[in-house]
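Reminder that position 502 of the sequence shown reads as 503 in my numbering, one-by-one numbering, no gaps.
Note that CB positions come from ideal geometry on N, CA and C, so glycine has one too.
Every value quoted in this text rests on a predicted model; they were computed, and no experiment measured them.
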Amino acid sequence: MGFNLTVIPPILRASGSGRPPGSLLRRLPLEVLCQIFTFFIRADPDDVKPSWLPFFCSLTINEDGWLYPTMLLTWVCSSWRRIVLGYPFFWNSAFISLPAYLNHPSAQKVLDHYISHSADLTLDFAIAHRGKYYPEPPEDECVRETVAIDTLYDSLTNECSRWGRFASTNDIDNYWENYFRSYLDQAPWNVTDYPKLKFIQWDAGDLPFEALFVSCPRLQVYRGSGLWIFNDYLKFQRFSQLVELAIEQLNWTSIGEILSQFPLLKKFVLSRFTPNESNSNSESEPDDCSSLNKSKYRLSISTLCLSLNAIRHVKYWECLELPCLTTLELGVPYEEKYEYWPWPEDDPDEEEQAYLKDYDHTIVKFSEILSRADAILETVKMDRITGTGVLAFLALHPLISDLTLTLVGGHLKIRETLSKLEISSDNNPLVVPSLRSLSILFDQPPVIVVDDNITPWKKLDSSMPMLFMCDGLYHLVLSRTNSRLCKYHGVAELEEVSMESELLWHKGGQTVYERFSSWIAFAQKKREDFRLEDPLASRPWLEPFDSGSESESDGSESSE
Numbered sequence: 002m003g004f005n006l007t008v009i010p011p012i013l014r015a016s017g018s019g020r021p022p023g024s025l026l027r028r029l030p031l032e033v034l035c036q037i038f039t040f041f042i043r044a045d046p047d048d049v050k051p052s053w054l055p056f057f058c059s060l061t062i063n064e065d066g067w068l069y070p071t072m073l074l075t076w077v078c079s080s081w082r083r084i085v086l087g088y089p090f091f092w093n094s095a096f097i098s099l100p101a102y103l104n105h106p107s108a109q110k111v112l113d114h115y116i117s118h119s120a121d122l123t124l125d126f127a128i129a130h131r132g133k134y135y136p137e138p139p140e141d142e143c144v145r146e147t148v149a150i151d152t153l154y155d156s157l158t159n160e161c162s163r164w165g166r167f168a169s170t171n172d173i174d175n176y177w178e179n180y181f182r183s184y185l186d187q188a189p190w191n192v193t194d195y196p197k198l199k200f201i202q203w204d205a206g207d208l209p210f211e212a213l214f215v216s217c218p219r220l221q222v223y224r225g226s227g228l229w230i231f232n233d234y235l236k237f238q239r240f241s242q243l244v245e246l247a248i249e250q251l252n253w254t255s256i257g258e259i260l261s262q263f264p265l266l267k268k269f270v271l272s273r274f275t276p277n278e279s280n281s282n283s284e285s286e287p288d289d290c291s292s293l294n295k296s297k298y299r300l301s302i303s304t305l306c307l308s309l310n311a312i313r314h315v316k317y318w319e320c321l322e323l324p325c326l327t328t329l330e331l332g333v334p335y336e337e338k339y340e341y342w343p344w345p346e347d348d349p350d351e352e353e354q355a356y357l358k359d360y361d362h363t364i365v366k367f368s369e370i371l372s373r374a375d376a377i378l379e380t381v382k383m384d385r386i387t388g389t390g391v392l393a394f395l396a397l398h399p400l401i402s403d404l405t406l407t408l409v410g411g412h413l414k415i416r417e418t419l420s421k422l423e424i425s426s427d428n429n430p431l432v433v434p435s436l437r438s439l440s441i442l443f444d445q446p447p448v449i450v451v452d453d454n455i456t457p458w459k460k461l462d463s464s465m466p467m468l469f470m471c472d473g474l475y476h477l478v479l480s481r482t483n484s485r486l487c488k489y490h491g492v493a494e495l496e497e498v499s500m501e502s503e504l505l506w507h508k509g510g511q512t513v514y515e516r517f518s519s520w521i522a523f524a525q526k527k528r529e530d531f532r533l534e535d536p537l538a539s540r541p542w543l544e545p546f547d548s549g550s551e552s553e554s555d556g557s558e559s560s561e
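Structure below.
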């Protein structure tokens, strides 16, 4: 379904004999021609492509501009035109912003042009149902827009049997979503068959295709707001090929009952779980949870990405057996980032202390559940969890080798957490003895700059709390890279340290880097790399130029 860079050299090599002898292109080395193709296919000089896009699109119709690189390549010369038109995988994907589409009557012709040259390959569509500069359609243009939208939806639904991946952004007022639902209700045909659909992302409440996906036997990835797609008349067996399930909200009587319906599921992302037994008047768990654990569900999941709200009713996770689980992300939901987490200089009040104590208890219980579930954790990311919770969780999983931490709270508590991760005679037993890779971020409050001449990072550079925390990191790395000390305690030596890029602006971060960069590998990470994965985040299911898809192998041999 994607476009594979590795097919370009043989394509151009095979087309070399067809170039006119006097062509300037004939004189260019094959490597240069490949770079030209690659540049035009992948280039986005004006950031036209949206960041949320979960897969590569060869056509982009957006408010910020248009990108149609394959069409541009057909204008270079007759030889290149023949090449581009001869390989359908140059044409089988498109991103469309609905407001931009409505403002440009020629957009439909361009889309039709791409679809017509995609032969019989699977199609990847992404639609933005709400644009940045177009909050809602004006009433006086309703008739014209209705006709235009009908034309767009006609062209998409006519090809539903070829859909490979489909993604959509939400619209706050559900205008476009409701329109599409109405459109489908009035459609003269029964659009129910999606035999090639492998990926769908819809982030606007109820999935408007719930009555349509009666047949999508190859669906592998579903990302959405919830599981409302699974109504009584839609049997779980229809989605037995699912390998990734990412949802914001799950309301069900049993987590195990849901997940056991997907025998091939490898990755599960969840932001919030509310059991049906907990009604709106009670946030607590039932007093007797023994009935929840009568059935055990053995799953093949290898990756879990969970917010603390997903494990708040922690006993509902006791029914799982997870012998394949090696990767875990656990953290605070983004909307609660600083709701109860104290600033470094502050002490939490009683309400905050109760909140943090409750979540620390939940984290400990969840760690115990994973341990009993036979999980063998190797890669763990903990986002904005207090030091108490971090240490209690890590203590039960000694095989963790890759650890990413976003530490919150006062600098004294952060320093204490770092000291307990050191290798020393005081720390017995040692935490994470298999640790080889550590990524660290100190989550600090926004900087208030009084003097405009002082940049935020310079102001923080002289911050004693920051220096204090960096000193704790220094001693942690020092102990974990001491060969003799590691050998004596029988623990692994630290091989790689990654710090949030802004941390290297500070004097303390620079000291750590300068001291150890000649010993071990150092890397910089962006702040977003430390965040908990969101169910609808812009992380690709397949790489933009993936070579492993079935359709690519077919497409590289097709010709117009």
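Practice problem: Could you check how far apart the C-beta atoms of Met470 and Ile415 are, in whole angstroms? I think they sit under 8 Å. | Solution: Confirmed, about 5 Å.
Quiz prompt | Boundaries (first-last residue) of the alpha helix (DSSP H) holding Gln202 | solution = First-last for Gln202: Phe200 to Trp203, but that is the beta strand (DSSP E), not the alpha helix (DSSP H).
Quiz prompt | Thr328, enclosing beta strand (DSSP E) - first and last residue | solution = It spans Thr328 to Gly332 - the beta strand (DSSP E) in which Thr328 sits, taken as one unbroken run.
Quiz item: Do the CB positions of Glu501 and Arg532 come within less than 8 Å of each other?
Solution: The Cβ atoms of Glu501 and Arg532 lie no closer than 8 Å to each other.
Quiz item: Whose C-beta lies closer than 6 Å to the C-beta of Leu477 among residues of the same chain, with five residues either side of it excluded?
Solution: Beyond the five residues adjoining it in sequence on each side, Leu477 comes within less than 6 Å, by CB distance, of Leu419, Leu422 and Glu423 in the same chain, given in chain order.
Practice problem: Ignore the nearest five residues each way along the sequence and tell me which others in Asp472's own chain have a CB closer than 6 Å to its CB. | Solution: Excluding residues within five positions, none has a Cβ falling inside 6 Å.
Exercise. Output the boundary residues of the beta strand (DSSP E) element that contains Glu160.
Key: Taken as a continuous stretch (DSSP letters only), Glu160 belongs to no beta strand (DSSP E), as it is neither H nor E.
Practice problem: Look at the alpha carbon of Phe367 and the alpha carbon of Ile128, and state the distance between them as a whole number of angstroms. | Solution: Straight across, the Cα-Cα distance linking Phe367 with Ile128 is about 38 Å.
Quiz prompt | Straight-line gap, Thr170 to Thr304 (C-alpha atoms, nearest Å) | solution = In this structure, the straight-line span from the alpha carbon of Thr170 to that of Thr304 is close to 25 Å.
Practice problem: Please classify Lys1: is it buried, with 16 or more other beta-carbons within 10 angstroms of its beta-carbon, or exposed? | Solution: In the structure displayed, the chain extends from 2 to 561; residue 1 sits before or after that span and is not available.
Quiz item: Quick one: Cα of Tyr195 to Cα of Ser440, how far?
Solution: Between Tyr195 and Ser440, the C-alpha separation is close to 42 Å.
Self-check item: DSSP state of Val498 mapped onto helix, strand, coil
Solution: Val498: strand per DSSP, three-state reduction.
Exercise. Can you give me the Cβ contacts of Cys306 inside the same chain, cut-off strictly under 6 Å, excluding the 5 residues immediately before and after it?
Key: Contacts found: Val270, Glu330 and Glu534.
Quiz item: Apart from the five residues just before and just after Thr363, which ones in its own chain have a Cβ nearer than 8 Å to its Cβ?
Solution: If we look at Thr363 and ignore the five residues flanking it on each side, its Cβ neighbours are Leu309, Ile312, Arg313 and Val315.
Quiz item: Rounded to a whole number of angstroms, what is the C-alpha to C-alpha distance between Gln262 and Leu246?
Solution: Using only the alpha carbons, I get a separation of about 12 Å.
Quiz item: Going by beta carbon distance, what residues of the same chain come within less than 8 Å of Cys487, once the five residues before and after it are set aside?
Solution: So the qualifying residues of the chain are Ile424, Arg481, Ala493 and Glu494.
Self-check item: Ile97, enclosing alpha helix (DSSP H) - first and last residue
Solution: Membership of Ile97 in any alpha helix (DSSP H) is not indicated; the residue belongs instead to the beta strand (DSSP E) covering Ser94 to Ser98.
Exercise. Can you tell me which of Met467, Val409 and Thr405 puts its alpha carbon nearest to the alpha carbon of Val498?
Key: For the residues Met467, Val409 and Thr405, the minimum Cα distance to Val498 belongs to Thr405.
Quiz item: Around the Cβ of Gly225, are there at least 16 other Cβ atoms within 10 angstroms (buried) or fewer (exposed)?
Solution: Under this definition Gly225 is a buried residue.
Quiz item: What is the residue span of the alpha helix (DSSP H) that Cys471 lies within?
Solution: For Cys471, the uninterrupted alpha helix (DSSP H) run begins and ends at Met465 to Arg481, by DSSP.
Self-check item: Inter-residue Cα distance where the pair is Glu379 and Phe96
Solution: So the alpha carbons of these two residues sit roughly 37 Å apart.
Self-check item: First and last residue of the uninterrupted beta strand (DSSP E) at Ala355
Solution: Ala355 -> not in any beta strand (DSSP E); alpha helix (DSSP H) instead, spanning Glu351 to Arg373.
Practice problem: Can you say whether Gln202 is buried or exposed, counting buried as having 16 or more other CB atoms within 10 angstroms of its CB? | Solution: Buried, because 16 or more other Cβ atoms sit within 10 Å of the Cβ of Gln202.
Quiz item: Taking all protein chains shown into account, do 16 or more other C-beta atoms lie within 10 angstroms of the C-beta of Trp76, making it buried, or fewer, making it exposed?
Solution: Exposed: under 16 other Cβ atoms inside 10 Å.
Exercise. Look up Thr392 in the DSSP assignment and give the residues it is bridged to.
Key: The amino acid at residue 392 is misidentified as Thr; the sequence shows Leu. Looking at the DSSP assignment, Leu392 forms no beta bridge with any residue, so it has no partner.
Exercise. Measure the CB-CB distance between Ser98 and Ser59 and report whether it falls below 8 Å.
Key: For Ser98 and Ser59, no; Cβs fall outside 8 Å.
Self-check item: For Ile84, the first and last residue of its enclosing alpha helix (DSSP H)
Solution: Looking at the DSSP string, the run of the alpha helix (DSSP H) that includes Ile84 is Ser79 to Leu86.
Self-check item: Ser372 versus Lys508: straight-line alpha-carbon distance, rounded
Solution: The alpha-carbon atoms of Ser372 and Lys508 are separated by roughly 40 Å.
Quiz item: Does the Cβ of Thr61 have 16 or more other Cβ atoms within 10 Å, making it buried, or fewer, making it exposed?
Solution: Taking every protein chain shown into account, the CB of Thr61 has 16 or more other CB atoms within 10 angstroms, so this residue is buried.
Quiz item: My guess is that Leu436 and Ser402 are in contact by the Cβ rule of under 8 Å, so how many angstroms apart are they, rounded?
Solution: Contact between Leu436 and Ser402 is confirmed by a C-beta separation of about 6 Å, below the 8 Å threshold.
Quiz item: What is the C-beta distance between Arg166 and Phe38, in whole angstroms, given that I count them as a contact (C-beta under 8 Å)?
Solution: Rounded, the Cβ-Cβ distance is 23 Å, inconsistent with contact.
Quiz item: Is the beta carbon of Trp164 sitting closer than 8 Å to the one on Leu124?
Solution: Going by C-beta atoms, Trp164 is nearer than 8 Å to Leu124.
Quiz item: Starting from Cys487 and walking both ways along the alpha helix (DSSP H), at which residues does that stretch end?
Solution: Following the DSSP letters along the chain, one finds Cys487 inside the alpha helix (DSSP H) bounded by residues Ser484 to His490.
Self-check item: Among Glu64, Ile84 and Leu321, nearest to Thr71 - alpha-carbon criterion
Solution: The closest CA to that of Thr71, considering only Glu64, Ile84 and Leu321, is found on Ile84.
Quiz item: Could you give the residue range of the alpha helix (DSSP H) that holds Tyr115?
Solution: Tyr115: member of the alpha helix (DSSP H) spanning Ala108 to Ser117, first to last residue.
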